[in-house]
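Novice: In the UniProt record's numbering, the protein residues as written are 1 to 664.
#1: Taking the beta strand (DSSP E) that residue 565 belongs to, which residues open and close that run?
#2: Taking Cβ to Cβ, would you say residue 370 is nearer than 9 Å to residue 347?
#3: Going by other Cβ atoms of all chains shown within 10 Å of its Cβ, with 16 needed for buried, is residue 12 buried or exposed?
#4: So does the region 644 to 653 actually touch the region 527 to 539, counting three or more Cβ pairs closer than 8 Å?
#5: Count the other CB atoms, across all protein chains shown, that sit within 10 Å of the CB of residue 209; report buried if there are 16 or more and exposed otherwise.
#6: Go ahead and pull the three-state DSSP assignment for residue 561.
#7: Have a look at residue 587 and residue 622 and give me their C-alpha separation to the nearest angstrom.
#8: State the start and end residues of the unbroken beta strand (DSSP E) segment that holds residue 518.
#9: Start and end of the beta strand (DSSP E) containing residue 535?
#10: If you reduce the DSSP assignment to three classes, tell me which class residue 368 lands in.
#11: Apply the 10 Å Cβ neighbour rule to residue 283 and answer buried if 16 or more other Cβ atoms are within range, or exposed otherwise.
#12: Quick one, are the C-beta atoms of residue 542 and residue 491 less than 9 Å apart?
#13: Does residue 411 come out as helix, strand or coil in the three-state DSSP assignment?
#14: Have a look at the DSSP bridge pairing and note the partners of residue 614.
#15: Just verifying my parser: in three-state terms, what is the DSSP assignment at residue 33?
#16: Could you check where the alpha helix (DSSP H) with residue 577 kicks off and where it finishes?
#17: In whole angstroms, what separates the C-alpha of residue 668 from that of residue 233?
#18: Please list, in chain order, all residues of the same chain as residue 499 whose beta carbon is under 7 Å from its beta carbon, the five residues on each side excluded.
#19: Compare the beta carbon distance of residue 109 and residue 156 with 9 Å and say whether it is the shorter of the two.
#20: Based on DSSP bridge pairs, tell me the residues matched to residue 523.
#21: Alpha carbon to alpha carbon, how far is residue 604 from residue 626? Give it in angstroms, no decimals.
#22: Quick check on residue 279 - is its C-beta less than 9 Å from some C-beta in chain D?
#23: Report the residue from 332, 90 and 358 whose alpha carbon sits nearest the alpha carbon of residue 388.
#24: Residue 619: which of 645, 584 and 643 sits nearest, CA to CA?
#25: Would you decide whether residue 72 is buried or exposed? Buried here means 16 or more other CB atoms lie within 10 Å of its CB.
#26: Return the CA-CA distance between residue 189 and residue 248, expressed in angstroms with no decimal places.
#27: Using only CA atoms, which one of 447, 476 and 486 lies nearest to residue 465?
#28: Can you check which of these residues, 471, 550, 441 and 555, is closest to residue 461 by C-alpha distance?
#29: What is the residue span of the beta strand (DSSP E) that residue 314 lies within?
#30: So residue 69 and residue 45 are in contact, right, with Cβ under 8 Å, and what is the actual spacing, rounded?
#31: Between which two residues does the beta strand (DSSP E) containing residue 555 stretch?
#32: Let me know if residue 663 comes out buried or exposed under the rule of 16 or more other beta-carbons within 10 Å of its beta-carbon.
#33: Under 8 Å Cβ to Cβ from residue 271, same chain only, skipping five residues before and after it: list those, please.
#34: From the DSSP output, read off the bridge partner residues of residue 500.
#35: Return the bridge partner residues of residue 320 from the DSSP annotation.
#36: With residue 14 as the anchor, note down where its alpha helix (DSSP H) starts and where it stops.
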């Protein structure tokens, strides 16, 4: 009864909060890709994410009469993003359609919420089986009221589904170990297969299950230290069957088709993209492709996520780093977990470490996956939000609940601090409704301080447009500027916000925004753009002057508002800089003279433009005017000396190579 009530609470939290949010950064992309998967069995859109979540999200849209925008032969990612925006917003009655974006998005959100509901059930069953019913209930409470879970549960992204089936796979393997049957082999294989088609990081299940199997073979939980005869051989054969079932599930979700069959999109060949990876992963992926061992779209996604992660900067503690930092995810977890979670986890660690609670196998099966996943995340270069370690959450909640409740069963005095911590956890969550994403516990200053410590999906994923519309209406704003994180794939104008766009990294890749070097506020800036983490260094951040001042207001702890008149030479210079870059990158139609003209135009606006000086130097070098190139490269090198240390390590060798290439 308690578990059912908690599930009902979870459904209400999701349904009521998601109604108040606009789409987050890449949800339209995922919904559109899933819709086209169903309609055409096509897997060339958004191959960087496996199809399961997208298929579930699009399922309730299939009976509807929806208009789909024709393909325009754009880069495959752009095609999916623009297609998603068109699907959501151009089926509105304003454009002759029948469904608002809110209607379509709500259907998709409630569909994918099934993964959170399933994971909540699994937490209860695992806690009950491994420890006791009380542990299952506490684990559910930690889950149902966790702000990070509530943030990600309705999003059409891969993270909640990955956490669900990651936990399901390990729990199913635990149950097989407890009682080996063919039904439990099938359940584990199915769970692993669904994990693989949820998110590419699920390939980590392979080493994790091997570690769990090795631990079982060497486990000290056998009274006589003697295993049943042929146990190892039986376990190995069972795991082989699980692997075969999981691969069958993967192929089934990809319709048993190897080729992506891209239509109307610009999709570079798999071999060309794989060549950008280090030698070993490149050769392994191409081997699987050569013999069609896995679907081409799945392999393409593996390549893409590794390639993109290599060049992604990091923002933490108010500082920019050119690459990932090992301490990022431990900090994120200590910030995103409530005082209640941290306290109950501390009690559980005390219970297990002091041997007051003896559950060695259960601790091993819960702690090993979480610690392994965290260790891998700490050495990976991609640091863009807590959602990337979401699979750690259910293991931690189950472990914390099991240890704390088992200790309370031995000494009832422990019930009081546990109850107090659970109450604190629930109150913390209720105070965040309906905007859970920017949550930080009081030790880190609360949600108003999150953006000073972290960026991207830890605080802002573009989901605040409805709240922004309320703000501009309440303040009677008719003219404004907006650096909006998901633009141009989502636009403030979709919600009637009358702001002109300011350039961001993503707008630069799609089109250039010509703007004056002085603008008149209000100026709205997504916090993920304010700190400039996508530009990699404060020297290239077009909004560094805004970052260094206190905003006049914060909208939903995700969008900063600045009132007044502002000089923005670095932002205004981006359009000519990008035009110079595109010309220099065009090997088929070289025109360094035109590139030079644009670079000099940018420098006339912002003489200290790092990129402007680089492209001016590159254009002059292409024109064989090396003596004129050197001052621009020297100026760029001087700017490198003002960068953050890791950014200096990235840029100094590149500028030095350019200087070395010049003729004496």
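No residue lacks a Cβ here, since even glycine has one placed at the ideal position from N, Cα and C. The structure displayed is predicted, hence computed values, not measured ones.
Specialist: Inspection of the coordinates gives the following:
#1: Within the chain shown, numbered from 1, the residue matching residue 565 stands at position 565. It spans 565 to 567 - the beta strand (DSSP E) in which residue 565 sits, taken as one unbroken run.
#2: By one-based count along the chain shown, residue 370 stands at place 370. By one-based count along the chain shown, residue 347 stands at place 347. In this structure, residue 370 sits away from residue 347, with a CB-CB distance that is not shorter than 9 Å.
#3: Counting from 1 along the chain shown, the entry for residue 12 is found at position 12. Exposed: under 16 other Cβ atoms inside 10 Å.
#4: In short, these stretches touch, since the Cβ pair count reaches three.
#5: One-based indexing of the chain shown puts residue 209 at position 209. Answer is buried; the Cβ neighbour count reaches 16.
#6: Translated into positions along the chain shown, residue 561 becomes position 561. Here residue 561 sits in strand by DSSP.
#7: Along the chain shown, one-based indexing puts residue 587 at 587. Along the chain shown, one-based indexing puts residue 622 at 622. Those two C-alpha atoms are separated by around 12 Å.
#8: Within the chain shown, residue 518 is the residue found at index 518, counting from 1. Looking at the DSSP string, the run of the beta strand (DSSP E) that includes residue 518 is 518 to 520.
#9: The residue given as residue 535 occupies position 535 in the chain shown. Unbroken run through residue 535: none, as it is neither H nor E.
#10: Numbered from 1 along the chain shown, position 368 holds the residue referred to as residue 368. Of the three classes helix, strand and coil, the one that applies to residue 368 here is helix, per DSSP.
#11: In the chain shown, the residue the question calls residue 283 occupies position 283. Flag for residue 283 reads exposed.
#12: Along the chain shown, one-based indexing puts residue 542 at 542. Along the chain shown, one-based indexing puts residue 491 at 491. Taking a C-beta distance under 9 Å as the contact criterion, residue 542 and residue 491 do not qualify as a contact pair.
#13: Here residue 411 corresponds to residue number 411 of the chain shown, with the count starting at 1. Coil at residue 411, not helix or strand.
#14: Residue numbering aside, residue 614 sits at position 614 when the chain shown is read from its first letter. Beta-bridge pairing by DSSP links residue 614 to no other residue.
#15: To locate residue 33, count along the chain shown from 1; it is residue 33. DSSP places residue 33 in the helix class (H, G or I) of the three-state scheme.
#16: Within the chain shown, residue 577 is the residue found at index 577, counting from 1. For residue 577, the enclosing alpha helix (DSSP H) has its first and last residue at 574 to 585.
#17: With the chain covering 1 to 664 only, the question about residue 668 has no answer from this structure.
#18: Here residue 499 refers to the residue found at position 499 when the chain shown is read from its first residue. Apart from the 5 residues on each side of it in sequence, residue 499 sits with its Cβ closer than 7 Å to the Cβ of 480, 481, 482, 492 and 524 in its chain, given in chain order.
#19: Here residue 109 corresponds to residue number 109 of the chain shown, with the count starting at 1. Here residue 156 corresponds to residue number 156 of the chain shown, with the count starting at 1. Yes, these two residues count as a Cβ contact at 9 Å.
#20: Taking the chain shown and counting its residues from 1, one reaches residue 523 at position 523. 481 and 562.
#21: The residue you call residue 626 lines up with position 626 of the chain shown. The residue you call residue 604 lines up with position 604 of the chain shown. When rounded, the distance between both Cα atoms is 21 Å.
#22: Included in the structure is just one protein chain, with no chain D present.
#23: Walking along the chain shown from the start, residue 388 turns up at place 388. The residue with the shortest Cα to Cα distance from residue 388 is 332.
#24: Along the chain shown, read from residue 1 onward, the residue named residue 619 stands at position 619. Sorting 645, 584 and 643 by C-alpha distance to the C-alpha of residue 619 places 584 at the top.
#25: The sequence position of residue 72 within the chain shown is 72, counting from 1. Result: exposed.
#26: By 1-based counting over the chain shown, the position of residue 189 is 189. By 1-based counting over the chain shown, the position of residue 248 is 248. Roughly 9 Å separates the two Cα atoms.
#27: Taking the first residue of the chain shown as position 1, residue 465 is located at position 465. Residue 486 holds the alpha-carbon nearest to the alpha-carbon of residue 465 among 447, 476 and 486.
#28: Within the chain shown, the letter at position 461 stands for residue 461. Closest in C-alpha terms to residue 461, from the list 471, 550, 441 and 555, comes 555.
#29: Residue 314 sits at position 314 when you count from the first residue of the chain shown. Boundaries of the beta strand (DSSP E) around residue 314: 314 to 316.
#30: Against the chain shown, residue 69 aligns to sequence position 69. Against the chain shown, residue 45 aligns to sequence position 45. Approximately 12 Å separates the beta-carbon atoms of residue 69 and residue 45; this is outside 8 Å, ruling out the contact.
#31: Here residue 555 corresponds to residue number 555 of the chain shown, with the count starting at 1. Per DSSP, residue 555 belongs to the beta strand (DSSP E) from 553 to 555.
#32: One-based indexing of the chain shown puts residue 663 at position 663. Per the 10 Å Cβ criterion, exposed.
#33: For this step, residue 271 is matched to residue 271 along the chain shown. These residues qualify, in order along the chain: 286 and 289.
#34: By 1-based counting over the chain shown, the position of residue 500 is 500. Residue pairing for residue 500: DSSP places it in a beta bridge opposite 481.
#35: By one-based count along the chain shown, residue 320 stands at place 320. Answer by DSSP bridge pairing, in chain order: 315.
#36: On the chain shown, position 14 is the one that residue 14 refers to. Run containing residue 14: 2 to 18, per the alpha helix (DSSP H) assignment.
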